[in-house]
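Residue numbers (the numbering used here): 85 to 423. Worksheet for the structure shown next.
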Ligand code: NAI
Ligand code: MG
């Protein structure tokens with residue numbers, strides 16, 4: 085029987101990179117039936133609603149979604165649909181690996197292998213914010229951290245590290261200034277650490293962490309942190325391995341998971357067939373692992389790595405002189421899979 089999966093093509097470069105991805109998945113003969121639904125700007129234009137009910141109904145039904153990036157208006161307009169989906173399905177963990185691929189020129193480092201576990205529901209992303217008066221002289225955003233919310237993301241990170249034989253977990257915080265919210269998160273991590281004595285545990289204050297990641301990323305392995313810091317540090321980590329075009333992510337809850345690239349809808353390059361679909365394809369690889377299609381996952385991952393290593397069919401962000409388009413990159417991956 086076909087495995088039903090929700091597909092949200094997304095805004096901006098979303099349709100280009102998701103169609104490259106689904107073509108690759110179909111080429112390995114996976115029996116997937118996509119439930120395609122639209123959200124974000126695309127849905128706002130068509131249905132006057134950025135998150136139509138058929139999107140959440142579909143995810144509720146399938147339990148798994150592959151999602152293209154969605155545009156969120158800045159400083160005004162509707163609340164982020166990405167955040168709304170994470171809240172709706174309690175996707176408390178945002179798992180973002182950054183791994184170097186041979187063939188990609190990075191600025192400083194080879195052989196990076198970092199995973200950021202970002203708390204995905206609490207703190208400054210809860211949408212508790214307002215101007216304090218009608219002339220907008222001041223504004224307030226409230227960030228709430230709970231013990232339960234901290235426990236489940238930190239537990240997830242420790243369990244993942246144990247299962248995948250990772251060596252170290254660094255908890256990142258700003259508990260010197262945010263003594264209560266940061267302090268609570270750090271306290272939960274420190275209390276849990278002795279249960280995982282085989283994993284080296286340490287804590288770092290976020291500003292120092294940003295510097296350390298740029299100076300010497302090899303000292304880190306798994307990183308667990310609160311929502312805003314995780315958002316920022318995962319983009320930083322992707323920069324170490326060649327940029328956002330290579331960084332996949334998974335939003336994981338107890339019953340539902342949504343897989344997407346770390347990057348956004350990249351309006352500056354949308355519709356031009358130049359976006360790198362690798363992050364989206366690698367997000368689909370994470371999805372295949374999640375649904376138990378491990379063999380297909382490894383095959384696709386290897387094919388992407390091989391095409392990048394060959395260097396003949398890569399997108400502009402990887403080689404600005406000799407490059408191919410989004411769909412031609414997908415063709416090259418499909419060809420590798422058929423060899
Ligand atoms: P962005 O990630 O869309 O783009 C940042 C820069 O990276 C741009 O120069 C873009 O061209 C480049 N880039 C991104 N993905 C690329 C790819 N696959 N290949 C080649 N180059 C790529 O971030 P930005 O511009 O800050 O946000 C644009 C929109 O995306 C905003 O509305 C934002 O809210 C939304 N967004 C959505 C996310 C999601 O759906 N999960 C995540 C991040 C941002
Ligand atoms: Mg981000």
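A virtual CB, placed ideally from N, CA and C, is assigned to each residue, including glycine.
Check: Within its chain, find whatever has a CB closer than 7 Å to the CB of residue 370; leave out the 5 residues flanking it on each side and keep chain order.; Outcome: 332, 334 and 343
Check: Could you tell me if residue 327 is buried or exposed, where buried requires 16 or more neighbouring beta carbons within 10 angstroms of its beta carbon?; Outcome: buried
Check: Look at residue 329 and residue 360 and say whether their C-beta atoms are less than 8 Å apart.; Outcome: yes
Check: Pick out every residue whose C-beta is nearer than 5 Å to a heavy atom of the ligand NAI: which are they, in chain order?; Outcome: 153, 154, 155, 156, 166, 328, 329, 347, 348, 349, 350, 352, 353, 359, 360 and 401
Check: Rank 421, 94, 302 and 161 by C-alpha distance to the C-alpha of residue 379 and give the top, closest one.; Outcome: 421
Check: Within 7 Å: the Cβ of residue 95 and any heavy atom of the ligand MG?; Outcome: no
Check: Can you tell me which of 176, 418 and 225 puts its alpha carbon nearest to the alpha carbon of residue 234?; Outcome: 176
Check: Let's test the definition: count the other Cβ atoms within 10 Å of the Cβ of residue 95 and tell me whether it reaches 16, buried, or not, exposed.; Outcome: buried
Check: Does the beta carbon of residue 319 fall short of 7 Å from some heavy atom of the ligand MG?; Outcome: yes
Check: For a test of the three-state rule: what should DSSP assign to residue 308, helix, strand or coil?; Outcome: strand
Check: Is residue 373 a contact residue of the ligand MG, with contact defined as CB to any heavy atom under 7 Å?; Outcome: no
Check: Could I get the ranges of all uninterrupted alpha helix (DSSP H) runs contained in the segment 272 to 318, with 4 residues as the minimum, in chain order?; Outcome: 290 to 299
Check: Report the option in 264, 364 and 237 whose CA atom is closest to the CA atom of residue 255.; Outcome: 237
Check: Return helix, strand or coil for residue 148, following the three-state DSSP convention.; Outcome: strand
Check: By Cβ distance below 7 Å, which residues in the same chain neighbour residue 140 in space, the five residues on each side in sequence not counted?; Outcome: 172
Check: Where does residue 303 land, buried or exposed, given buried means 16+ other C-beta within 10 angstroms?; Outcome: exposed
Check: If you drop the 5 nearest sequence neighbours on each side, which residues of the same chain put their C-beta closer than 6 Å to that of residue 91?; Outcome: 118, 120 and 150
Check: Helix, strand or coil, according to DSSP, for residue 155 in the structure here?; Outcome: coil
Check: Does the segment 190 to 203 come within contact of the segment 311 to 320, defined as at least 3 CB pairs closer than 8 Å?; Outcome: yes
Check: Following the continuous beta strand (DSSP E) through residue 252, name the residue where it begins and the one where it ends.; Outcome: 252 to 257
Check: Under three-state DSSP, which class holds residue 180?; Outcome: strand
Check: For residue 101 versus residue 296, is the C-beta spacing smaller than 8 Å?; Outcome: no
Check: For the ligand SAH, is there any heavy atom lying closer than 7 Å to the beta carbon of residue 366?; Outcome: Inclusion of the ligand SAH in the displayed structure is not the case, the ligand content consisting of the ligand NAI and the ligand MG alone.
Check: Tell me which residues share the same chain as residue 362 and place their Cβ nearer than 7 Å to its Cβ, disregarding the 5 neighbours each side in the sequence.; Outcome: 329, 330 and 388
Check: Going by beta carbon distance, what residues of the same chain come within less than 7 Å of residue 195, once the five residues before and after it are set aside?; Outcome: 184
Check: With DSSP collapsed to three states, give me the class of residue 342.; Outcome: strand
Check: Count the other CB atoms within 10 Å of the CB of residue 347; is the residue buried (16 or more) or exposed (fewer)?; Outcome: buried
Check: Report back the beta-carbon spacing between residue 229 and residue 265 to the nearest angstrom; my notes put them in contact at under 8 Å.; Outcome: 4 Å
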